[in-house]
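Numbering (this note's numbering), first residue to last: 13 to 484.
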């Protein structure tokens with residue numbers, strides 16, 4: 013079921029003739045499993061296969077490492093997974109601590125095709141906010157969210173090099189299983205009337221808040237693995253280069269961009285419910301119809317400058333030039349995150365490499381095709397004279413936990429961080445996450461640097477709203 017399918021139907025007809033979705037079928041199948049021996053056999057086999065997938069991942073990781081301590085760690089983890097598989101195959105679907113559905117069912121739902129959306133779809137739907145359209149959106153979310161939540165669980169289970177076994181990653185996995193279970197439990201509420209629909213929306217709010225700390229918890233997991241590998245395998249060797257594990261960073265990119273997508277569709281739904289009672293001029297949910305990059309950049313400049321002055325006692329001047337009148341539909345909070353992160357990096361590099369009394373300015377240039385009819389992308393360039401990045405480090409800048417600043421491990425203990433609560437200062441997540449935010453709606457973020465001079469960051473934003481969200 014696509015979003016447009018849900019929204020094109022009237023509520024009475026939708027309630028009367030709605031086809032049972034694949035997700036609902038899985039729900040019904042799991043409930044009937046205890047009364048059908050054939051279903052029990054299918055459940056047992058599928059759960060066994062799912063746990064085998066995770067166990068194989070563990071064993072493969074174990075083979076890659078020569079360290080006896082890590083081999084022991086992986087061996088114990090594999091045994092725990094097998095125990096969990098045995099227990100799950102002997103229990104009904106509703107007896108799991110974190111999830112009423114078997115891991116086999118979760119994996120099966122994870123493999124269902126997703127229904128990506130576009131900005132135009134969001135704007136078309138949100139032009140008229142009423143009970144009918146909100147209920148239609150709820151039905152779409154009811155079908156779409158279980159697939160996306162299940163996919164996150166499966167991605168976490170299959171993270172390479174033992175990252176899937178780190179305590180912080182397992183914590184994140186449990187939270188996603190809990191959210192999956194919540195959405196599946198509320199699937200039937202939407203057919204009972206308005207009050208239950210509002211209850212579903214409140215549950216979505218709980219889910220949205222539950223995952224606020226996902227980024228910091230995943231970062232903790234990466235740090236746990238990085239520390240364990242460095243100590244146990246490489247014996248604290250200075251030649252250890254975590255950026256070389258390209259498959260791990262690619263897996264993290266997939267996980268995080270899918271998380272952006274999931275929080276977008278939940279956040280959009282919550283904003284529409286709020287705007288149904290308190291309209292926000294110029295906005296349709298999260299989307300501002302006429303987002304002005306110059307205006308968003310000015311906000312990012314003010315906040316980044318405040319942070320820079322708090323840290324260093326001074327901040328470089330930032331100049332905005334180019335076409336400052338450009339407007340297009342976009343999610344301004346995402347644009348703000350990207351610009352704030354880039355400006356923070358440029359300011360730090362500038363202040364640390366120049367006399368504070370004579371700081372060169374940072375220049376933001378905004379440009380697009382002169383003919384609006386031919387305009388597909390808007391480009392925002394941020395140029396600094398912060399002496400650039402060494403060429404030997406260029407391949408590392410998009411990897412997770414790489415930073416040119418001193419590591420601030422204490423930040424791992426701060427659970428207040430989220431992707432829109434300020435990027436990590438000196439922790440190495442800002443650039444890769446900024447690029448994912450840009451790529452989510454069909455844009456990109458590229459970086460050109462001249463060692464000894466400075467860095468130019470090119471942010472490309474797709475402004476037509478026709479590109480489907482990037483989800484993996």
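Cβ coordinates follow ideal geometry from the N, Cα and C atoms, glycine included. As the structure is a prediction and not an experimental result, all values here were calculated from the model.
Going by C-alpha positions, residue 385 is about 16 Å away from residue 473. If you ignore the 5 residues before and after residue 269, its C-beta comes within less than 8 Å of the C-beta of 448, 451, 452, 482, 483, 484, all in its own chain and listed in chain order. DSSP places residue 273 inside the alpha helix (DSSP H), whose first and last residues are 258 to 289. By the criterion of at least three beta-carbon pairs nearer than 8 Å, the region 276 to 295 is not in contact with the region 314 to 330. Cα atoms of residue 324 and residue 314: separation of roughly 15 Å, rounded to the nearest angstrom. In this structure the region 159 to 167 does not touch the region 141 to 148; the number of beta carbon pairs closer than 8 Å is below three. Given a length threshold of 4 residues, each whole run of the alpha helix (DSSP H) inside the region 219 to 253 is given here in chain order: 226 to 244. The three-state secondary structure of residue 324, taken from DSSP, is helix. For residue 294, same chain residues with a beta-carbon under 8 Å away, outside a window of 5 residues either side, are 300, 301, 302 in chain order. Taken through DSSP and simplified to helix, strand or coil, residue 441 comes out as coil. Closest in C-alpha terms to residue 141, from the list 234, 122, 290, 174, comes 290.
Every beta strand (DSSP E) of 3 residues or more that sits fully in the region 327 to 354 is shown, in chain order, as 330 to 334, 340 to 342.
Annotation for residue 456: the continuous beta strand (DSSP E) segment containing it runs 456 to 462. Fully contained in the region 358 to 384 are the following beta strand (DSSP E) runs of length 3 or more, in chain order: 374 to 380. Secondary-structure assignment with DSSP links residue 472 through a beta bridge to 391, 456. DSSP places residue 301 inside the beta strand (DSSP E), whose first and last residues are 299 to 303. With the rule of 3 Cβ pairs closer than 8 Å, the region 234 to 243 counts as touching the region 172 to 184. Inter-residue distance for residue 397 and residue 326 is about 16 Å (C-alpha atoms, whole angstroms).
A straight-line Cα-Cα distance of about 14 Å links residue 446 and residue 273. Scanning the region 129 to 186 from its first residue to its last, the whole alpha helix (DSSP H) runs of 4-plus residues come out as 131 to 138, 143 to 169. Secondary structure of residue 123 (DSSP, three-state): coil.
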